[in-house]
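For reference, each letter of the sequence shown is one residue, going 703 to 1295 in our numbering.
We put the beta carbon where it would ideally sit given N, CA and C, even for glycine.
Small disclaimer: the values here were computed from a predicted structure and weren't measured.
What follows is a single structure, written as structure tokens, with notes after it.
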Amino acid sequence: MSDLTNTGLTNVARNLRENKFIRMLGYFRPFLGLVVLAMVMAGLVNGAELVSPYIMKVAIDDYILGDSTGMSIALIGILYFASVLVGAVSNYAHVILLNTIVQKIIHSIRMELFSHIQRMPLSFFDKNSSGRILTRVTNDVEALNEMYSGVLAVLFRDVFLLVGITVTMFSMNAQLAIVSFAVVPIIIIITAVFRTKARANYQKVRALIAQINGFLAENISGMKLVQIFNKQKEKYAEFRELNGKYNDASLTEVKLLSFFRPSAELINNLGISILIWYCAPGVFESGLEVGVLYAFITYIKKFFGPINDLADKVNVILSGMVSAERIFELMDNDEGLENLDRGNALPEVKGQIEFRNVWFAYNDEDWVLKDVSFTINAGETAAFVGATGSGKTTIISLIGRFYEIQKGQILLDGVDIREYKLRDLRSRIAVVMQDVFLFSGDIMSNIRLDNESISDADAIQAAEYVSANNFIERLPGGYHEEVHERGCTLSAGEKQLLSFARAVAFNPSILVLDEATASIDAETEKLIQESLARISKNRTTLIIAHRLSTIRNADKIIVIHKGRIREIGRHDDLVAANGIYRGLYEMQYAWAQ
703 MSDLTNTGLT NVARNLRENK FIRMLGYFRP FLGLVVLAMV MAGLVNGAEL
753 VSPYIMKVAI DDYILGDSTG MSIALIGILY FASVLVGAVS NYAHVILLNT
803 IVQKIIHSIR MELFSHIQRM PLSFFDKNSS GRILTRVTND VEALNEMYSG
853 VLAVLFRDVF LLVGITVTMF SMNAQLAIVS FAVVPIIIII TAVFRTKARA
903 NYQKVRALIA QINGFLAENI SGMKLVQIFN KQKEKYAEFR ELNGKYNDAS
953 LTEVKLLSFF RPSAELINNL GISILIWYCA PGVFESGLEV GVLYAFITYI
1003 KKFFGPINDL ADKVNVILSG MVSAERIFEL MDNDEGLENL DRGNALPEVK
1053 GQIEFRNVWF AYNDEDWVLK DVSFTINAGE TAAFVGATGS GKTTIISLIG
1103 RFYEIQKGQI LLDGVDIREY KLRDLRSRIA VVMQDVFLFS GDIMSNIRLD
1153 NESISDADAI QAAEYVSANN FIERLPGGYH EEVHERGCTL SAGEKQLLSF
1203 ARAVAFNPSI LVLDEATASI DAETEKLIQE SLARISKNRT TLIIAHRLST
1253 IRNADKIIVI HKGRIREIGR HDDLVAANGI YRGLYEMQYA WAQ
């Protein structure tokens, strides 16, 4: 019985999760106090909307056309103005309150989305372009913002207004109310047809926006390469084709809206026309009060006002719902989601690394590493060499658990790394890559990376340790010199020195150099090689290098070929062994000669 209950609850949770509209309303829950206050203001607004036509009905029938001597016409005017004033003030408070709530919700969604993206594994970013992800956090969230503020913020107020108008009209004259609402089914049918046709188009528009963002992000980042190879015309043609598809989809959207909006307005006026046609004889023949007719016409306009407003915002609703689906799809993607704090706390790291019969594939089909086994003792400097695609960088990525292995074990100081918290594990590893990424900010912030445990003095000491201080102190702003996007104003060597300083500042137990000297000049490489002996002292250092001259002094060289370990040893021993390493060494030596 309990299993059935649990299954039922699970199904209910799943259905609620899949109902995007209900899920969106759930974000109002933390602000229930403000929501209730806003609803009170909405009640006052609706009350004023309902009372003012009735006051005018009384004024017309009892005072203008009648002979009532009870309340003066001036007092009727004051009451009418008072109702309008209450409605205006309440509406102002209602709008302010709900928009405050909406902005808090959008802030919450954007932060939740960014936090979720940060926890996604690297395999997610391998499969999804930066432009597509950027669209989720910017365009899609903004579309959701427009729907929350433009539709959901007034939805309940409008629903209560429609109910109030319906009750009031039926209480005044049920027969006239039925005539007045004769056109409502037509509106419902047209809205349903429009929604079906427009929804597919909005999905297409959002998908094309993501493609455009991805194309622009890629081409702006690679503009130097485009200009070097003189491919501006080809890229322009690709963008024109993509932009043309977006333009066509947008024109379809405009055509649909151009039909729907006038249709809704036409049906609104048709309802008023039917009412006038039906009521006109009654005014003279059966004594139907003119004030009642006036009130009904006013109520019909107010009744169709939210419906016409809804017609104007159908594009916002559909766009928001499509964006909500895309946002929630990303939020619900928990495949490989990283929990940085799951596992045991990592004790003091000595630095012994062991791969034990490790098999790994990125796509579960083609094995990149095949039964890889080796041991690197604590404090050793180990170098990985091999042809491009042999699996060197993959090994480095697996040590930090950026990908999960399919078979085997990776041990740190004799314990499987999967038993430790990811946050602890990665805090003990620093990586210096060939392609250095620098954030916008200044030199100091790029060394510290906002790590509060690293002081400015520590960062300066780290820069001096790797001789980066020589070029930093020549900059006009020194350590507070502004760094532009990706460090475009710094040379490759300067960026690499900053990367080394960053690694030293974090004081890792394991230091990884991923072809860190592959694209720098000889002078900078000399500085780095001189610093490397100091950096690697008392810590395990892993080096991936194409230039074998940079790893001659490594304690251990591991040769990888087609995903397998083929040779392990020191430089002199491997050269003497006349194997793969010697072939690589002789090839580079001959080329250098």
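Candidates the options: which alpha carbon is nearest residue i's?
i, options, result
"I1098", "I1131, N830, F998", "I1131"
"D1216", "I1253, S1193, G1189", "I1253"
"V1087", "S1129, S1251, L1039, F1202", "S1251"
"G1007", "A912, I889, F1062", "I889"
"V784", "A795, A750, I811", "Residue identity check: residue 784 is Ala in the sequence provided, not Val. Looking at the Cα atoms, A750 is the closest of the given residues."
"N748", "V869, L836, F826", "V869"
"H1273", "G1265, Y1283, R1266", "Y1283"
"E1056", "D1068, E1037, D1073, N1079", "N1079"
"I1260", "A1235, K1239, L1286", "L1286"
"L1213", "F1139, A1235, E1225, L1192", "A1235"
"N793", "P823, K1258, K1109, M743", "M743"
"V994", "A795, Q1231, P755", "P755"
Once DSSP output is grouped into helix, strand and coil, what is the label at residue i?
i, result
"N713", "Caution is warranted here: a pLDDT of 44 is assigned to N713, below 50, making its placement in the model unreliable, and the coordinate value is therefore given only provisionally. Helix at N713."
"L972", "helix"
"S754", "helix"
"N1046", "strand"
"A1256", "coil"
"I1270", "strand"
"E1056", "strand"
"Q1111", "strand"
"F986", "For F986, the predicted structure reports a pLDDT of 45, less than 50, and the residue's modelled location is therefore unreliable. A value from the coordinates is still provided. Of the three classes helix, strand and coil, the one that applies to F986 here is helix, per DSSP."
"V1138", "coil"
"V1277", "helix"
"A1247", "coil"
"V1051", "coil"
"L1039", "coil"
"L739", "helix"
"D1126", "helix"
"D1034", "coil"
"L1215", "strand"
"G1265", "coil"
"G1022", "helix"
"G728", "helix"
"G993", "helix"
"G1007", "helix"
Give the C-beta separation of residue i and residue j to the nearest angstrom, bearing in mind that I take them to be a contact with Cβ-Cβ under 8 Å.
i, j, result
"I775", "Y765", "5 Å"
"V1051", "L1114", "7 Å"
"K1094", "A1047", "At roughly 31 Å, the Cβ-Cβ gap does not stay under 8 Å, so K1094 and A1047 are not in contact."
"E733", "I803", "Residue 733 is actually Phe in this sequence, not Glu. That pair is a contact at about 5 Å."
"I1149", "A1165", "7 Å"
"I969", "V881", "At roughly 14 Å, the Cβ-Cβ gap does not stay under 8 Å, so I969 and V881 are not in contact."
"R1108", "F1062", "In the sequence as displayed, the identity of residue 1108 is Gln instead of Arg. Confirmed, Cβ separation roughly 6 Å."
On the criterion of 16 or more Cβ atoms from any shown chain inside 10 Å, does residue i qualify as buried, or is it exposed?
i, result
"F961", "exposed"
"K1197", "buried"
"Y938", "exposed"
"S704", "Bear in mind that the predicted position of S704 carries a pLDDT of just 39, short of 50, making it unreliable; the figure below should be weighed with that in mind. Burial call: exposed."
"C1190", "exposed"
"R838", "buried"
"M925", "exposed"
"A1170", "buried"
"A894", "exposed"
"H809", "exposed"
"L1276", "buried"
"I1084", "At residue 1084 the sequence reads Ala, which differs from the Ile that was named. Looking at its Cβ environment, which holds 16 or more other Cβ atoms inside 10 Å, A1084 is buried."
"I1019", "buried"
"T840", "exposed"
"A845", "buried"
Establish whether the CB of residue i and some CB of chain B are separated by less than 9 Å.
i, result
"N1148", "Absent here is chain B; the protein component of the structure consists of one chain."
*Mind pulling the alpha helix (DSSP H) runs of 4 or more residues that sit fully within the segment 1153-1199?*
Counting whole runs of 4 or more residues, the segment 1153-1199 contains the alpha helix (DSSP H) stretches 1158-1167, 1171-1174.
_Report the start-end ranges of each alpha helix (DSSP H) in the segment 746-825 that is 4 residues or longer and not cut off at the edges._
As for any alpha helix (DSSP H) of minimum length 4 sitting wholly inside the segment 746-825, the runs are 775-820, ordered along the chain.
*Within the segment 1058-1105, ranges of the beta strand (DSSP E) (whole runs, at least 3 residues)*: Entirely contained in the segment 1058-1105, the beta strand (DSSP E) runs reaching 3 residues are, in chain order, 1069-1078, 1083-1087.
*If you scan the segment 814-895 from start to end, which runs of the beta strand (DSSP E) of 3 or more residues do you find wholly inside it?*
Listed in chain order, nothing qualifies, since the segment 814-895 has no complete beta strand (DSSP E) run of 3 or more residues.
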